[in-house]
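Numbering-wise, the sequence shown is residues 4 to 361 according to our numbering. No residue lacks a Cβ here, since even glycine has one placed at the ideal position from N, Cα and C. As the structure is a computational prediction, the values presented were derived from the model and not from experiment. Heads up: the structure comes next, in C-alpha cells.
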Amino acid sequence: MAAPAAIERGPAERLQFLDAVRGAALLLMIVNHTGRWWQDGVMGWPRYNLIYASMAVGAPLFLFLVGFCLPLSFARRSDAPRVGVAAKFLSRGLRLVLASWLLNFLIFRDEPFWEGGVLQTIGLGIILSLPPLLVMHRRGVPAALIAIAVAAYVLFSVSYERVLAWAPAHPVIGRIFLFEFAPWPWVSLVWIGLALGWAWARLPSQAERARYLAIMSAVGVLCLVAFAAWDWAHGTPPHLSLSFKRDFIVNNHWIARGVTCLLCFGSVFSLLGLAYWLVEVRRLPVGWLVIMGRTSLMIYFIHHVFVYTLVNQWLGWKLNTWLWYWLANAALALLLVGLGWLWLEIRALAARRRLQTA
C-alpha cells in the first residue's frame, strides 16, 4: 500500500478517506433504517440479514471512527491551552447528546426524549475520551486504554444476566444508558479507536501511516476469516451467521457478542485500509461519500424525516419488492448528497462573510 508523494500531508490535515469511510458508515446505517421501516416481515431472511449486516458493520465503523479521528482533531489544537481544548471537546460531546434528545423529541414522539441513541453514545464517547486523550502522550497510556476498553467489555459480558435483571427495575437509567448503542460497553470501541488513531497520527511519514493501515487491513482480513471459519466449524447456516440471536440484546437493542466481535473489528479494520488505498492512493472519485462524511450529523438527523416520518408514518408505504426498495434507496442517497453539498456551500459562504467583516 504505497503512499505517493503527491499526498504527503501531516496527520493533522483532513484526509478524504476518513470522510469517505464515515460516509460509508452513515450509508449503511441509513440502509439499516430503510430495511426496518420501508419493508416488513414478508421479505424474509434477506431483509433480516440486511438489517443485521448493515448494523454489525455500520455502527461499529461509526463509533470506531469517533475515537480514531479524535487525535487528528486534537493535533490541530496542539498549541492551544489545554483548558480551551478540553472545553472544545466537552462542548462537542454535549452538543451531540442534546442533538440525540432533540432527534427523539421531534421524530419519536411516543418515546421519552431522553432515551439513549447512537448520537448520545458518540457524545458521551467524546467526553469520556477527553481524560485519556490529554495524557495519551505518556508512555503506556494507549496500551492501558485498550486494556481498560477490553476489560469493560468483558465485564459487561460476564454481567449480562445481571444487567438484564437490573434494567427493568430501573427503567429511566436503563433507557438512558442501556438502550440503543448503550455507552456500556460501546464506548470501549471509541477508546480502542482513540488508542489506535493516536498511534497512527504520531507516525512521522505518509509511508509509515500507509504501512500501519495495511497492517490493520491484514488483521481485519484475518478476523473475517476467523469469523467465517468459526461458523463453518460449528455448522452455522449462512443466514444464521448474520443473526441477532447470537448476540446480546438489552432493552430490545443489539450489542455484539463473542465471535461477532471478529465480524465487527474485521470489517472496520479492512474497510479503513481499503478506503485509504482506493481514495488516497488510487484516487478513486468518491466525492459524494466525502460529502456525506463531512455532513454526517446533518444527514443522520434529516434522513429520519424522510425514512421514518414521511415514508413510514405519513405515507405508510412498504417497498416489499427489492427493485423498488433499492431504487428508493438510491434516490434517497442522491437527495441526501445534494442536501449535504448545499449545507457545505452555505457554511463556506457564511465563513467567507465572517472573514470579510472581521
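The shortest CA-to-CA distance from Leu133 to any of Arg141, Leu109, Tyr156 and Trp194 is the one to Trp194. When beta bridges are read from the DSSP output, Ile252 appears opposite Trp257.
Between the alpha carbons of Phe268 and Gln123 lies a distance of about 22 Å.
By the neighbour-count definition (other C-beta atoms within 10 Å, threshold 16), Arg212 is a buried residue. Taking C-beta atoms under 8 Å as the contact rule, Ala185 and Ile258 qualify, at a distance of about 7 Å.
Here Val228 has no same chain residue with a Cβ atom under 7 Å from its own Cβ, once five neighbours each way along the sequence are excluded. Taking the Cβ atoms as the reference, Ala102 lies roughly 7 Å from Leu300, within the contact range of under 8 Å.
Take Ala172, set aside five residues on each side of it, and no residue of its chain has a beta-carbon closer than 8 Å to its own. Assignment of Pro84 by DSSP, reduced to helix, strand and coil, places it in the coil class.
According to the DSSP assignment, His242 belongs to the alpha helix (DSSP H) that extends over Pro241 to Ser244. For the pair Arg112 and Gly200, the Cα-to-Cα distance works out to about 38 Å. Proximity to Val224 across Glu164, His237 and Leu265 peaks at Leu265, based on C-alpha coordinates. Judged by DSSP in its simplified three-state form, Trp41 adopts coil rather than helix or strand. CA-to-CA, the gap between Pro84 and Arg356 works out to about 28 Å.
Each residue's CA atom was taken as its position, placing Leu197 and Leu131 some 11 Å apart.
Taking all protein chains in view, the Cβ of Ser208 is surrounded by fewer than 16 other Cβ atoms within 10 Å, so the residue is classified as exposed.
The alpha helix (DSSP H) runs of length 4 or more contained entirely in the region 77 to 140 are, from start to end of the chain, 85 to 110 and 121 to 137.
Collapsing the DSSP output to three states places Arg25 in a helix. Take the alpha-carbon of Pro145 and the one of Ser191: they are about 13 Å apart.
Closest in alpha carbon position to Ala154, among Tyr328, Trp189 and Phe247, is Trp189. For Leu197, the enclosing alpha helix (DSSP H) covers residues Pro186 to Ala204. DSSP places Arg285 outside both helix and strand once states are collapsed to three, so it counts as coil.
Taken through DSSP and simplified to helix, strand or coil, Thr298 comes out as coil. Measuring C-alpha to C-alpha distances from Leu105 to each of Leu330, Gly319 and Val308 identifies Val308 as the nearest. In the DSSP assignment, Tyr156 falls within the alpha helix (DSSP H) that extends over Val144 to Val161.
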